[in-house]
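S.K.: Mind having a look at this structure? Questions to follow.
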Amino acid sequence: MDKLKEKLNLYKDISLQIINLIEKEEYIKISSKLDERQEIINSVSEIDRNDFIQLYNKMELIEIDSRIRDILQGQLLEVKKELHEYKLTKQVNTMYYSLNREKVNIFNKKV
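The opening position of the sequence shown corresponds to residue 0 in numbering that gives the first Met the number 0, with each subsequent residue numbered one higher.
Laid out in structure tokens, this is it:
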């Protein structure tokens, strides 16, 4: 049981580090931290799995994981919004260019 607590404390520390990395926008380092957390989960044997889940809930680690998920989802929505705005800007520029090009072609037609 002490090993499980130790693993969960390490899991918690890594989760808090992930939150700090997200806030500092150091996204490259997040992947390795997520891998470390996954290794901790994978290292728990099937026998200890139920105890792991109970300690996980008792230590309220789900709140930390929810916070990570919420922050990442918020940033994902922000990026989607920026991409949508970029796409609209690109379409407007293309249409503006096309309209101006057609106006210039008026003088090139034979009468």
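All C-beta atoms, glycine included, are put in the ideal place defined by N, C-alpha and C.
Please read all numbers here as calculations on a predicted model, not as lab measurements.
Just verifying my parser: in three-state terms, what is the DSSP assignment at E35?
M.R.: Helix, per DSSP.
S.K.: Look up K23 in the DSSP assignment and say whether it is helix, strand or coil.
M.R.: It is coil, neither helix nor strand.
S.K.: Write down the C-beta distance between K4 and L54 rounded to the nearest angstrom, noting that I regard them as a contact closer than 8 angstroms.
M.R.: So it is a contact: roughly 6 angstroms between Cβ atoms.
S.K.: For L7, count neighbouring Cβ atoms within 10 angstroms of its own Cβ and tell me buried if that reaches 16, exposed if not.
M.R.: L7 comes out buried.
S.K.: Within 10 Å of its beta-carbon, does V111 have 16 or more other beta-carbons around it, so buried, or fewer, so exposed?
M.R.: Here the chain has residues from 0 to 110 only, and residue 111 is not among them.
S.K.: Where does D47 fall in DSSP's three states?
M.R.: It is coil, neither helix nor strand.
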